[in-house]
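Trainee: Under the working numbering, the first residue of the sequence shown is numbered 55, with each subsequent residue one higher.
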Amino acid sequence: MAACKRGALIVLEGVDRAGKTTQCTKLVESFREVGRAAHLLRFPDRTTTIGKLISSYLENKSDLEDHTVHLLFSANRWELVPLMKKKLEEGTTLIIDRYAFSGVAFTSAKPDFSIEWCKAPDVGLPKPDLVLYLRLSPAAAAQRGEFGTERYETSGFQQRVEGRFEQLMDENSVNWQVVDASQSIDEVHDNIKRLSLSALTAAEDRPIAELWR
Ligand code: TMP
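(1) Out of Leu148, Phe127, Asp166 and Arg90, which one is the CA nearest neighbour of Thr101?
(2) Using 8 Å for Cβ pairs, my map puts Glu207 next to Asp120. What's the rounded Cβ distance?
(3) Taking DSSP as the reference, what is the three-state secondary structure of Thr147?
(4) Around the Cβ of Asp151, are there at least 16 other Cβ atoms within 10 angstroms (buried) or fewer (exposed)?
(5) Mind listing, in chain order, the residues whose beta carbon lies closer than 6 Å to a non-hydrogen atom of the ligand TMP?
(6) Does DSSP put Asp120 in a helix, a strand or coil?
(7) Under three-state DSSP, which class holds Val228?
(8) Can you find the residues in the same chain that come closer than 7 Å, C-beta to C-beta, to Glu216, ignoring five residues on each side of it along the sequence?
(9) Leaving out five residues on either side along the sequence, give the residues of the same chain with a beta carbon under 8 Å from the beta carbon of Val242.
(10) For Ile239, count neighbouring C-beta atoms within 10 Å of its own C-beta (all shown protein chains included) and say buried if the count is 16 or more, exposed if not.
(11) At 4 residues or longer, what runs of the alpha helix (DSSP H) sit wholly inside the segment 67-143?
(12) For Arg189, write down the residues that DSSP places opposite it in a beta bridge.
(13) Distance, Cα to Cα, Gln53 vs Phe155?
(14) Just to confirm, are Pro182 and Leu94 a CB contact at a threshold of 8 Å?
(15) Is Ile262 helix, strand or coil by DSSP?
(16) What's the call for Arg60, buried or exposed, on a 16-neighbour Cβ count within 10 Å?
What follows is the structure in C-alpha cells.
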C-alpha cells in the first residue's frame with residue numbers, strides 16, 4: 055500500500071488589513087472543494103493559557119517585558135506543534151494566519167532587537183512549504199479603513215514591521231511568494247489558490263522540514 059501523503063504547511067503573512075484572514079478562510083474552502091482536507095490555524099492562538107496572556111497584552115490590558123512577550127508568542131507556536139504534525143501526517147493541509155515571520159518582524163521592529171535574536175526561539179518549528187506574503191502599500195491599507203485599537207496598530211510601527219518583512223524575504227531558505235494584495239478578493243484568492251495547490255503537490259511526498267535549520 056502506498057504511504058499516506060502528507061498535507062502542506064501554508065502560511066499567510068503581511069501587514070495589517072492586507073486581507074490575510076479573509077484569504078485564509080477562502081483557501082481552506084477551496085482545498086475542501088477539490089477534495090483535499092484542510093484546517094485553519096492562527097497565531098497567536100488566543101484560546102490557550104499562554105494565548106490569553108498574549109491577548110491581554112495586545113489589548114493593552116496588561117504589560118509584559120518585550121523579550122518576555124516575544125518568547126510567549128514563540129511558546130504559543132511550540133505548544134501547537136504536536137497537533138500540527140499530527141494533522142500534516144494525516145494528510146491535512148494547514149493554512150496558517152501568521153507564523154514565526156510575524157514574530158520576528160514585530161519584535162525586531164522594536165528598538166534594540168536584532169533579527170537573529172528574534173529568530174532563535176522559533177528555530178526548528180515545522181517549516182512552511184509556502185509562505186504567501188500579501189503585499190499592500192501603506193496608502194492602499196489606509197483606504198481600507200482605520201487601524202484598530204490593539205497594541206502595534208499604528209502607522210509608524212506597521213511601517214517598521216513592513217521593512218522587517220522585506221528583510222526576511224531576502225532569505226532564500228524559505229519559499230516566499232509575494233502576492234499583490236491590492237487586487238480584488240477574488241483575484242488575490244485565485245493567485246494564492248494556484249500557488250498553494252502546486253506547493254501541496256511538491257510537498258506531499260517529502261518529509262516535514264525544520265525552520266531556519
Ligand atoms: P491578529 O490576531 O489580529 O493577527 O494580531 C496579532 C498581533 O500580534 C499583530 O499585531 C501581530 C502580533 N504578533 C506578534 O507580535 N508576534 C507574533 O509572533 C505573532 C504571531 C503576532
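For each residue, glycine too, the CB sits at the ideal point set by N, CA and C.
Mentor: So, to answer that:
(1) Phe127
(2) Their Cβ separation, rounded to whole angstroms, is 17 Å, which puts Glu207 and Asp120 out of contact at 8 Å.
(3) strand
(4) buried
(5) Phe97, Pro98, Leu112, Phe127, Arg152, Ser156, Gly157, Phe160 and Tyr206
(6) helix
(7) coil
(8) Val69
(9) Gly73, Gln77, Leu188, Val233, Asp234 and Ala235
(10) exposed
(11) 74-87, 103-112 and 120-132
(12) Asp234
(13) What the structure shows of the chain is the stretch from 55 to 267, and residue 53 is not part of that stretch, so it cannot be assessed.
(14) no
(15) coil
(16) buried
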